[in-house]
Ligand code: PEP
Ligand code: MG
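Residue numbers (our numbering): 858 to 1422.
So, in structure tokens, the structure goes:
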């Protein structure tokens, strides 16, 4: 085999080596109106496919000497092939007209409840297995989490693009690296790869898909954006991941951070799970500036109910005691699809039902989240933040729903906070241009520069062909950042930055100069951004911001930042 190399965008740092696995995702599908005969065929096919997958995992476990895993897969096959489960699921499709994916979950739930009712510890444990088996069939039907089923050895996954649900569901010990033909560095697949610590290169172009199909192994360098197919065997040591020194360093104290001349800048973290919140706490974050709630719900066939959401938010807050936790309400649409909440197809999903637009149109989904947040705030310093806000009316409608949620809780005698700080994300140019009005309605601003860049430059953040154009440092974007910060300050509100831009220590001084009061970074970037804040002089930062705003384009701004450093 001769080695072939491809260069793309360095999306998540680290070195990785593994078997080549080309993955073609099946599109998610949950169509309750499909005709019963078609749904029945799909269900039977999905049951057979899941059985074959379990059999492959069983054989692989046995070959690797993992007899316990092999026994689990064998037991799951028995449950899957239990005629009563299959017949009940098929009956729900053919007699009640349920979609195949709904039917398998419902049939398994009936069976699991029956087992639990018998009050025997062993049988109760089987109930959990029945549910787990049904989720695998559900995944085969909806196309969600399919990557997890394909991974049987430590691999570098090559795909056109990946759904966040696929990434979240894939076993970490087997998913060694990600090489995507499409995608940009602020696309959600890239953000998740960084947060999970999986080295990734994106924007490699479609040629990688065909070339990797005949490769046996792949080496990936997520720092340089390099992918090598079939690297020479004697080169293998080069690709061994470097040991991570993060845990060895010990906890960083959560001291308030100030610039060299004493201006306070709050250093916060963006996280997607309680585990990440613990990391962020160990790295000395003063709080959570962005909890992406939709990522908590990725890997499941249903949305968590109010109780479960309260527990999730409390778990994140407990991971960072006595610190403010900014929870972003469900932000789906665009490149984020939740298996549990299929949205209608749209020609331009990034300009369609996204973020707050979805929540306002689905109060049955939004109200439980608002109630859960009000309940979690009764014991923790929780703030609430709305994504993709375009108009003042959206904030007012949310406030009305918040009142309704609180009234419902009071009527039910549930302890809850009387109010909650309500902030808005500025990620649509209209919101920045109208920031003066929004600042009167909102308790704080958080600027989502990932989306603000794509909407300002009319440039899809996930399209690697536009990577040259997608530049958060474009003076047009910087002008909107400044406009929003000024409007916030005029109304006595703090303004933070929570897009990926704030994790880049080279840009820290510029953001402070533009008026940022808070920087919300990836946990791994906290230490470097803290150092950059303390090295910043506010007056010099303002001068830098003035020059950047007057620059012709992003290259000139980059050059200024390099010169300043
Ligand atoms: C952003 O758009 O900058 C942001 C933080 O939100 P997300 O990346 O989740 O769209
Ligand atoms: Mg966004």
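Yeah, the Cβ is synthetic: ideal placement off N, Cα and C, and Gly gets one too.
| Query | Result |
| --- | --- |
| Segment contact, 8 Å Cβ cut-off, at least three pairs: the region 1399-1414 with the region 1135-1143 | no |
| Proximal residues to residue 957 (C-beta, below 7 Å), its chain only, five neighbours per side dropped | 896, 899, 900, 903, 950 and 998 |
| Chain-order list of residues whose beta-carbon lies under 7 Å from that of residue 1154 (same chain, five-residue window excluded) | 1160, 1161, 1195 and 1197 |
| heavy atom of ligand 2 below 6 Å from residue 1305 C-beta | yes |
| Cα-Cα separation, residue 873 to residue 1309 | 32 Å |
| Continuous beta strand (DSSP E) stretch holding residue 999: start and end | It is not in any beta strand (DSSP E) - residue 999 instead sits in the alpha helix (DSSP H) that spans 978-999. |
| Helix, strand or coil at residue 1242 [DSSP, three-state] | strand |
| Span separating the alpha-carbon of residue 1187 from that of residue 1214 | 10 Å |
| Cα-Cα separation between residue 1317 and residue 1333, rounded to whole angstroms | 16 Å |
| beta-carbon residue 1280 near ligand 3 non-hydrogen atom, thresh 6 Å | No copy of ligand 3 occurs in the structure displayed; its ligands are ligand 1 and ligand 2 alone. |
| Contact under 7 Å by Cβ, residue 1056 with residue 1034 | yes |
| Nearest to residue 1402 (by Cα), restricted to the options 1053, 1390 and 1372 | 1372 |
| Residue of 993, 1075 and 989 minimising C-alpha distance to residue 1010 | 1075 |
| Residue from 1328, 1358, 1381 and 1351 whose Cα sits closest to the Cα of residue 1410 | 1328 |
| Cut-off 6 Å between Cβ atoms - residues of its own chain near residue 1224, not counting five sequence neighbours on either side | 1262 |
| 7 Å Cβ shell around residue 1425 - same chain, five flanking residues per side excluded | Limits of the chain in this structure are 858 at one end and 1422 at the other, which puts residue 1425 out of reach. |
| Assigned secondary structure, residue 1170 (DSSP; H/G/I helix, E/B strand, else coil) | helix |
| Residues bridged to residue 1078 [DSSP beta-bridge criterion] | 872 and 1083 |
| Alpha helix (DSSP H) segments (min. 4 residues) lying fully within the region 904-931 | none |
| Separation of residue 880 from residue 1051, as counted between CA atoms | 20 Å |
| Residue 1007, enclosing alpha helix (DSSP H) - first and last residue | 1003-1007 |
| Residue 1211 versus residue 1283: straight-line alpha-carbon distance, rounded | 14 Å |
| Close Cβ partners of residue 1089 (< 8 Å) along its chain, the five nearest in sequence each way excluded | 860 |
| Sequence-distant residues of its chain with Cβ nearer than 6 Å to residue 1312 (five each side left out) | 1285 and 1286 |
| Host beta strand (DSSP E) of residue 1127 (start-end) | 1123-1128 |
| Nearest-angstrom Cα separation, counted from residue 1397 out to residue 996 | 54 Å |
| Length of the line joining the Cα atoms of residue 1380 and residue 1301 | 22 Å |
| Residue 1316 Cβ short of 6 Å to ligand 1 heavy atom set | no |
| Run of the beta strand (DSSP E) containing residue 1016, from where it starts to where it stops | 1012-1016 |
| Rounded C-alpha distance that separates residue 864 from residue 1178 | 43 Å |
| Contacts around residue 980, its chain only, beta-carbon distance under 8 Å, and the 5 residues preceding and following it disregarded | 972 and 973 |
| Integer-rounded CB distance, given that residue 1324 should sit under 8 Å from residue 1079 | So it is not a contact: roughly 16 Å between Cβ atoms. |
| Element boundaries [alpha helix (DSSP H), containing residue 1419] | 1411-1421 |
| Residue 1151 versus residue 1189: straight-line alpha-carbon distance, rounded | 7 Å |
| Distance, residue 994 Cα to residue 875 Cα | 28 Å |
| Beta-carbon contacts of residue 893 that lie in its chain and below 7 Å, excluding the five residues immediately before and after | 950, 951 and 954 |
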